[in-house]
Amino acid sequence: MSQTINPALSRGALGFTGILSILQGLLIFVPTFVLGAAINWPDSLDYPASQLLPELIEQEGAVRFGYIAYLIYSILFVVSMFMLTKLSSGKAMASMFGIILAFAVASTTARSIGIVRWLVPMPQLAESWNSAATDQERYAISVTYDSLNLFGGTVGEVLGVSIFAALSLLAISIAFLRDGLPKWIGIFGLVSVAALLATTTELMGFEPDTFVLVFGTTAIQLWFLAVGLWLLVKAASSKNR
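When you read off a place in the sequence shown, starting at 1, and then add 104, the result is the number in the working numbering.
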């Protein structure tokens, strides 16, 4: 089977998809740097209410900017996956399209739920914590914080960032391999899927170590970057023909 891109795609479409894929790979660094500097994110996700809620007030502007950037990055995921499905016009992609898009939408939705907790309810809890007059009030706020953080973290990070994103990437990687696109794209995608799923072992009671977490979240970003750069090269070469 020949390794070709959908011949119906214009040079402009190739270039746009390439840029979009590169943005998807790079945009994660905005919340990483902004939130990392402001509240030591992502370690802050495990901080108790007594430590993090005061920091949310002190770093309100940076936290809001960082999480809005993270929200944009998460929404861009479904757009990027949709555009990447257009690279193949083969039967496998036609049959996998609905699965790819469904899991991409599920991933974006779950991520958004996890992110929005830091834009609306958590700042309100921080204000309540700051104005609380008794230890009993702060204890009640702490219980609410822990419950909200656990729910949002499970939905956003475990389901959205890892499981649903991995399933969407799995489907598109299989479609690319079956339809004859360059094998490295599909194989790299499958490696990224395995790396992402390895970060979810906490669901089975096993806490993943730091290397697994870093590699799992980095692999998919490198995949988007590599595919984006490859598409820009393809777009440039088609311009010269």
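Even glycine gets a Cβ: it sits at the ideal position worked out from N, Cα and C.
Keep in mind that this is a model prediction, so the values were computed, not measured.
Just so you know, the alpha carbons of leucine 294 and leucine 229 end up roughly 41 Å apart.
Between the C-alpha atoms of valine 331 and threonine 304 there is a straight-line separation of about 25 Å. Sequence-distant partners of leucine 335 (beyond 5 residues in either direction) whose C-beta falls short of 6 Å from its own C-beta, in its chain, are Leu118, Thr121 and Gly122. For tryptophan 233, the uninterrupted alpha helix (DSSP H) segment begins and ends at 225-235. CA-CA distance, tyrosine 171 to leucine 281, rounds to 35 Å. In the DSSP annotation of this structure, tryptophan 145 is not part of any alpha helix (DSSP H), being labelled neither H nor E.
Only buried fits glutamine 128, as 16 or more other CB atoms lie within 10 angstroms of its CB.
The count of Cβ pairs closer than 8 Å, one atom from the stretch 185-204 and one from the stretch 275-291, reaches three, so the stretches are in contact. For the set Val297, Val220 and Ile161, the Cα lying nearest the Cα of serine 235 is the one of Ile161. The beta carbon of valine 316 sits closer than 7 Å to the beta carbons of Ala302 and Thr303 from its chain, once the five residues preceding and following it are set aside; these are given in chain order. Cα atoms of glutamate 159 and threonine 314: separation of roughly 24 Å, rounded to the nearest angstrom. Judged by DSSP in its simplified three-state form, proline 135 adopts helix. Residue environment: glutamate 241 is assigned as exposed (fewer than 16 neighbouring CB atoms within 10 Å of its CB, all protein chains considered). Counting every other CB atom within 10 Å of its CB across the protein chains shown gives serine 341 a total below 16, marking it as exposed. The residue from Arg221, Gly218 and Ile276 with its alpha-carbon nearest to that of glycine 290 is Ile276. Minimum Cα-Cα distance from aspartate 250 among the listed residues Gly116, Leu131 and Gln155 corresponds to Gln155. In the displayed model, leucine 326 falls within a helix according to three-state DSSP. Here isoleucine 219 really is in contact with tyrosine 174; their C-beta atoms are around 5 Å apart, less than 8 Å. By a beta-carbon distance limit of 8 Å, threonine 212 contacts serine 178. Their separation comes to about 5 Å. Shortest Cα-Cα distance from leucine 188 to any of Ser272, Phe255, Ser246 and Val297 involves Ser272.
Using a Cβ distance threshold of 9 Å, alanine 208 and phenylalanine 268 count as a contacting pair.
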